[in-house]
Structure formats: structure tokens, C-alpha cells
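Below: one structure, written as C-alpha cells.
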Amino acid sequence: MRIREPRREDLSHFLRRRSAIPIWADLAWRILLIVALVGLVLLVHWLHRDGLHDNLDNHISFIDVLYFTTVTVTTVGYGDIVPVSPEARLFETFIVTPIRLFVWLIFLGTAYSFFLRNSLYRWRMSRIQKSLQDHIVIVGFGVSGSEAVNEMIARGTDPAQMVVIDPSEARLAQAETLGCNILRGDATRDKTLADVRIANAAAMLVSAGRDDTSILITLTARHLAPHIPISIVVRNEDNELLARQAGATTVINPVSFTGLLLAGSESGPHIADYIADLASSAGRVRLSERLVTTEEVGHPLSAITTGLGVRIYRAGKPISFVEEAAKTLKTGDIIIEIIPQHMNDQA
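When we follow our numbering, the leftmost residue of the sequence shown carries the number 39, and every step to the right adds one.
Shown next, in the form of C-alpha cells:
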């Protein structure tokens, strides 16, 4: 499998997040800053106008100060040919100077695009990276990845705690509008996952669109973060074992799950509906996973009061609520329970 090396100067490979400041507000504060600086210089010139000399009439008027201010601020200087009439100086002040400033902005914008923006993006990326702790890394923002992000946001997860990696700028733009951190890059590379601080992440979701790519991403992530929970989507049943061997904690096969829903609907018209209800944040009930509390240790699973206990995970082994081991909860048990949606809202 050939992996394309991203260009180093491509700024789309920097980790970024949608700015909290709207474009119009960003433009407004820049204009206000320019007006404030020009106003400050104008005030100082006016208060100290006795230190200025006019070769025309040896008198410094406000128009003279205004003209001198604009010439000084734009650093264009003045020479042997200067405006001598008030009309000419007003023209230079209100017409020529804005044009000159516009030309300078073109040059500065070019310098920013090709030189300064690189440093700015690196600085912003560094700031975002410092805030990444116990975040969720989502690799692939296709149908499965985008649905997962929307569902997590609906359940109350802060999108600023999510990092989406995808090679498509269009899909990343969708994730950015949700408030997620985004990074355009190849998640099979160590550097890409290191840039999103994979070692500090709380979980990783992989849905790269191809089973071989998803499994390679899982291998790379497991190498960098040995203990992070990794959920991976595979579409070929033969690859489920490979995904687990690569280090995936949870392997999801949407094709198999669809088959289960279809089979369930044959047995009863409401089974598939209830399963979808459990999986969605918009349902009346939902599945929840948590550690057993100190007060619950020693009691049966059926005695918990936070929801309907359906399964225990003890040392990684699943225990059904009907099994004998479920009659005594132990320290370290993980409880899977069904809770009403209103309890989740209160939490």
C-alpha cells in the first residue's frame, strides 16, 4: 500500500479549530485598531504642533497636522514636491492615503499568506495541543465518523474535546463547523497521531473507509498509545480478528449489525426499533457503562438503583445478568445498564 507524503508547506496539515470570533468581528477590531493608532498619533502631533514647521506659511493648522500624521503613519515620507493648498492636502489625506494603505495591505497580505501564516498556524497548533488531554480522536469523517461525532455532541460531549483526522478538506470543513479540532493528514503515520497527542487521548474511533487502512491506523495508534481504548469499524467479517490482533478494543461491523437488526425485525416488529432506541441519544432509554460503586459491592446486579443492569464485565470477561456471578458485585466490575433518557439529561 502506497502512502502519499504530505507537503510540508501545506497549512491544511496543521491542527486547527474554528475561530470563536466571527469574520466580521475580526475585521472590525482590525479597523478599530488602525483608527485608534492613527488617532493617537494625530493627537500627539496636535498637542505638540509647535514643534512642526510648514514651509508654506509658517503656520500649522489642523489640516497640516492631519496631513503630516497620515504621511508619517504610512512611512512614505515627503520631499521637494508637496501639496501646498488645503484642497490638495485634503485630497492626499482622504483619497491618496487610503489607496496607498490598500496597496500596502496587498503586500502585507501576500507576506502573511506565504510566510507569517505558517508561523501563526504553528503557534495556534501548539496552543491547541497543550489543551488536548483526555480528548477523543476520530479518524475518518465519512458517514460513520460524522454520525458518531453528532451523536457524541448530542450526548453532551464538548466538540472542543474531539480531534477529527481526515484527508478530505471538504469533510474537515463540516467537522470544523461543529466546533471540532481538525487535522488533514495520513493517520497511518506516527507524526500525524503524535500531532493530535494520541498518548493523552481518552479514546480513539477509527472509520477510515477501508479495512486495511483502518487496521494499519490501529496498529500505529497502539504502538504510540498502548493503553488507549480503540474502536474500529470493519466491513469484512474476515478482518474482525485482524482488527483485534492489531490492538482494537472494540470492533464494529455495520454489515453484521444490520443483519442482526433485520433478523430481529423478523422475530418481532418492535425489536429493531428498541435496539435503535438504545443506541441513540434521542431515544427514550439508553445504554450506559460505569464502574461499580463502593456501596454496590457485595450486592446483586439486579439491586442497582441507577438503571436496569444487563451485564457485568469482570477482568474483561462479560457476565450476563442471569448468570450466578452477577448475584455478587465486586470491586472493579464494569456495569452495563439501561437508564431512562431523563436520568442521562440530569447527569
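For glycine and all other residues, C-beta sits at the position ideal for the given N, C-alpha and C.
Item                                                                                                                                   : Value
Where residue 194 falls: helix, strand or coil (DSSP)                                                                                  : coil
Proximal residues to residue 271 (C-beta, below 6 Å), its chain only, five neighbours per side dropped                                 : 182, 245, 290
Alpha-carbon spacing of residue 216 relative to residue 101, whole angstroms                                                           : 51 Å
Whether residue 258 touches residue 233 by CB criterion (8 Å)                                                                          : no
For residue 323 and residue 376, believed in contact at Cβ under 8 Å, the rounded distance                                             : 5 Å
Contacts around residue 138, its chain only, beta-carbon distance under 6 Å, and the 5 residues preceding and following it disregarded : 112
Where residue 272 falls: helix, strand or coil (DSSP)                                                                                  : coil
For residue 325, the residue or residues it bridges with in DSSP                                                                       : 376
Exposure of residue 256, with buried meaning 16 or more beta-carbon neighbours within 10 Å                                             : buried
Environment of residue 118 [buried if 16+ CB atoms lie within 10 Å]                                                                    : Bear in mind that the predicted position of residue 118 carries a pLDDT of just 35, short of 50, making it too unreliable to give a figure here.
Alpha-carbon to alpha-carbon, residue 179 and residue 196                                                                              : 17 Å
Residue 360 classed as buried or exposed, judged by whether at least 16 other C-beta atoms fall within 10 angstroms                    : exposed
Straight-line Cα distance separating residue 206 from residue 167                                                                      : 21 Å
Residue 243 beta carbon less than 8 Å from that of residue 201                                                                         : no
Any beta strand (DSSP E) of 3 or more consecutive residues that is wholly inside the stretch 239 to 265                                : 241 to 244
Nearest-angstrom Cα separation, counted from residue 249 out to residue 240                                                            : 23 Å
DSSP beta-bridge partners of residue 111                                                                                               : For residue 111, which the question treats as bridged, DSSP gives no partner whatsoever.
Whole-Å CB distance - residue 373 paired with residue 350, under 8 Å assumed                                                           : 6 Å
Residue of 261, 140, 198 minimising C-alpha distance to residue 225                                                                    : 261
Within 8 Å, strictly: CB atoms of residue 269 and residue 251                                                                          : no
Terminal residues of the alpha helix (DSSP H) in which residue 229 lies                                                                : 228 to 233
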